[in-house]
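One line per chain: the protein sequences are H and C, in this order.
Everything in the first sequence is counted per my numbering, starting at 485 for the first residue and increasing by one.
Everything in the second sequence is counted per my numbering, starting at 485 for the first residue and increasing by one.
Positions of the beta carbon are idealized from the N, C-alpha and C atoms, including for glycine.
Protein chains: 2
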Amino acid sequence: MPIPVRTLLGPGPSNPYPEATEALARPLLGHLDPEFLHILDETCHRLREVFGTANARTLPLSGTGSAGMEAAFVNTLDPGDVVVVAVNGLFGERMVDIAGRCGAEVVRVDTPWGRPVDAEQVLAAHPAPKLIAVVHAETSTGVISDVSGIGAGKGEALLLVDCVTSLGGIELPIDDWGVDLAYSGSQKCLGVAPGLAPFTMNERAWARRVLAPRSWYLDLGMLGAYLGEGRKYHHTAPVAMIASLHAGLGRVLDEGLPAVRARHQASGEALQRGLQEMGLELFASEGSRLPQLTTVCVPDGADAHAVRRQLLHDYGIEIGAGVGVWADQVWRIGLMGYNARPAVVTLILGALREVLAR
Amino acid sequence: MPIPVRTLLGPGPSNPYPEATEALARPLLGHLDPEFLHILDETCHRLREVFGTANARTLPLSGTGSAGMEAAFVNTLDPGDVVVVAVNGLFGERMVDIAGRCGAEVVRVDTPWGRPVDAEQVLAAHPAPKLIAVVHAETSTGVISDVSGIGAGKGEALLLVDCVTSLGGIELPIDDWGVDLAYSGSQKCLGVAPGLAPFTMNERAWARRVLAPRSWYLDLGMLGAYLGEGRKYHHTAPVAMIASLHAGLGRVLDEGLPAVRARHQASGEALQRGLQEMGLELFASEGSRLPQLTTVCVPDGADAHAVRRQLLHDYGIEIGAGVGVWADQVWRIGLMGYNARPAVVTLILGALREVLAR
């Protein structure tokens, strides 16, 4: 059978950088091999640079972004702890679900989908939460929210930020912004296949962690022992995926974070300008639009699903549907990692124009 | 830098089948792409063949083997439930840890490391447990235990079996043996890189599952919705790793399970014979030795760590250390998946002979 080739312009995965793909297929190393441990250490170091952090506890977790979310909560919340969760999309909802399973008292702060979280409102929601959790870049709506404002006013609370769609695409200096814990995914702006969750936590979060988390697999205390001097075995690391992340991060840092961010910014602006010139309306509120993930309203008369199917079938282009009630009313178009470049913008605008004109 | 190449003869990962490596580097597909969903369905079907089961709920979980272990327990045990765990090595110990975190009442049945679990003793440990958990092939000791005997006598209990090191290497007809839940890892006898946990559960286990598990990431109720008709998004599947597992399983089934098992059996026997001819003593008790993972006692006068280092440095061969108190007294030599062949047996026996003669 012919191997299908896709231009992946949904909400992720995106097409990996060639360097990341090449590394996936290299001869496999054992998870305790000195050469692999060197790659792992360098991967953690590179993640620190991309997160903008000095946190010693920065590592790729052995699961997808949602495993990062679960790790953050199960290592932070004991039953009865108060957590404020800002909800302006699917991933805020997921945080509420996971925090609830930890037995925490969840105070949710709702904002309509498509609009950014209001920092003041989040800070006012409870006088003394243990944790405040917010999504930096909502993958379900294409909206960016102000994390630094929450970090500045958090007081004694810990601040947890979902960076799945933001890491490597837009500015995110987590130490400067007062973020105590953060997680991401490999398959968005980092330009690597899905399967790993970059994770980081600072000393403040470490000092207040749950000592015996509900999850063994995501127990950060035990995981830390593998990374530390003793190299104590915890579970078999997904070595091929980590080698690929190592290579993808190397590519990003070789190009330089400012250049990579500028590329995401320019691509997203060009796409959003082009869509509006075609007469289409953007879904995310103005001033809060992510460059790396654009949400656009399906025009009257168009069949949202049929358009996506035609893009996939005729052009090999994947774009995403909307989430929840917007499934048939919104498209999500990602320009992440390797796909954040002018040729891809030209391709998707041209293909969409042709399909809509049929 | 030159790319290091290893012959991976530790307890896993093993060198992947060439087909599995090739598939890792194919153009990436989206996790909701019809072509990918076809690959996923076929992967589940192939897993059923390898597990020897008709279970509809058979799938690769998005984590390593230990995530499979955690999924099995968190979806089965409510606080206060009684679980009997057979412990004859590290992975039985891990089961006790994870079951304890679920709030279960854990009844452990200990057997000295290096010896098989006694089915009668396990069955007699408690009159009415909800779950009995046992490791089929203990990776820490190289010992096989009798699963079918426990399955025959389990009564109302559910039977959970760790098949991480057995699946694809030795006989394992889980339906015939009365196994209700089982998990494995991609990186052992299946000949794929680490990162996925093949998992299966039958209707009996499904009917008695935990309805709101502590883990969102490993909530099998939610995961099942992604595999079913609705294809409801749960988390972004690790598409590259699944494509690789698909290819590795294809290779195994093309060769034929009986032939693959015979190859593991012959390789393991040849290795164990060769080691004994060199005057070395095997660790696992006679009659309970896994062909795919051999444990051998470090001879008097040899430095266990130095020998392993020389094999790695001079020959590019990785073998494993012993676990726990046996770290310096035992080596673990795996002949799994692609490595279960005569040339590899010849290589490791020759290299070990040379290093020990120095």
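{"Query": "Complete runs of the alpha helix (DSSP H) confined to the region 719-777 of chain C [at least 4 residues]", "Result": "723-739, 741-761"}
{"Query": "Segment limits, beta strand (DSSP E) that includes D594(H)", "Result": "589-594"}
{"Query": "Any C-beta of chain C under 9 Å from that of V723(H)", "Result": "yes"}
{"Query": "Min CB distance I487(H) to chain C below 9 Å", "Result": "yes"}
{"Query": "CB of P600(H) within 9 Å of CB of D630(H), strictly", "Result": "yes"}
{"Query": "I523(C) versus S668(C): straight-line alpha-carbon distance, rounded", "Result": "19 Å"}
{"Query": "Reference E506(C), options G675(C), A805(C), T684(C), L774(C), closest by Cα", "Result": "G675(C)"}
{"Query": "Test: R490(H) CB closer than 9 Å to a CB of chain C", "Result": "yes"}
{"Query": "Contact under 9 Å by Cβ, V627(H) with R773(H)", "Result": "yes"}
{"Query": "Contact list for the region 491-502 of chain H against chain C, Cβ threshold 7 Å", "Result": "L492, G494, G496, P497, N499, P500"}
{"Query": "Per-residue contacts from Q671(C) into chain H (C-beta, under 7 Å)", "Result": "T720"}
{"Query": "Neighbour flag for S629(C) against chain H, beta carbons, 9 Å", "Result": "no"}
{"Query": "Selected residue, minimal CA-CA separation from L836(H), among G808(H), L795(H), G804(H)", "Result": "L795(H)"}
{"Query": "Below-9 Å beta-carbon distance, D517(H) vs any chain C residue", "Result": "yes"}
{"Query": "Three-state class that DSSP yields for V843(H) in the structure shown", "Result": "Since the first residue shown for chain H is 485 and the last is 842, residue 843(H) is missing from the structure and cannot be characterised."}
{"Query": "Simplified DSSP assignment, three categories, for A666(C)", "Result": "strand"}
{"Query": "Alpha-carbon to alpha-carbon, P495(C) and I817(H)", "Result": "43 Å"}
{"Query": "Cross-strand partners of R816(C) (DSSP beta bridge)", "Result": "T779(C), G804(C)"}
{"Query": "Where the region 582-606 of chain H meets chain C: residues whose CB sits under 7 Å from a CB there", "Result": "I582, R585"}
{"Query": "Contact list for E687(C) against chain H, beta-carbon separation under 7 Å", "Result": "Under the 7 Å cutoff, chain H gives no residues; its nearest Cβ is about 25 Å from E687(C)."}
{"Query": "Which listed residue (A724(C), G752(C), R747(C)) has its alpha carbon closest to that of L512(C)", "Result": "A724(C)"}
{"Query": "Residue interval of the alpha helix (DSSP H) (run including L895(H))", "Result": "Since the first and last residues shown for chain H are 485 and 842, residue 895(H) lies out of range."}
{"Query": "Cut-off 6 Å between Cβ atoms - residues of its own chain near T595(C), not counting five sequence neighbours on either side", "Result": "N572, V601"}
{"Query": "Distance between E739(H) and V558(H) (C-alpha atoms, nearest Å)", "Result": "36 Å"}
{"Query": "Exposure of T527(C), with buried meaning 16 or more beta-carbon neighbours within 10 Å", "Result": "buried"}
{"Query": "Minimum Cβ-Cβ distance from E838(C) to chain H less than 9 Å", "Result": "no"}
{"Query": "Under 9 Å by beta carbon: chain C residues contacting R715(H)", "Result": "Near R715(H) there are no residues of chain C at all, since even the closest Cβ is about 12 Å away, more than 9 Å."}
{"Query": "Segment limits, alpha helix (DSSP H) that includes R793(H)", "Result": "788-799"}
{"Query": "Residue-chain proximity (A551(H), chain B), Cβ-Cβ < 9 Å", "Result": "Looking at the structure shown, chain B is missing, and the protein chains on hand are H and C."}
{"Query": "M485(H) - DSSP class collapsed to helix/strand/coil", "Result": "coil"}
{"Query": "Identity of the residue in A811(C), L615(C), S498(C), L516(C) nearest R692(C) by Cα", "Result": "L615(C)"}
{"Query": "Per DSSP, cross-strand counterpart(s) of F535(C)", "Result": "DSSP, once it has assigned bridges, lists no residue as partnering F535(C)."}
{"Query": "C-alpha distance - L755(C) paired with R698(C), whole-angstrom precision", "Result": "44 Å"}
{"Query": "Where P697(C) sits in the DSSP three-state scheme", "Result": "coil"}
{"Query": "CB contact below 9 Å: W700(H) versus chain C", "Result": "yes"}
{"Query": "Beta-bridge pairing of R541(H) - partner residues as DSSP gives them", "Result": "M685(H)"}
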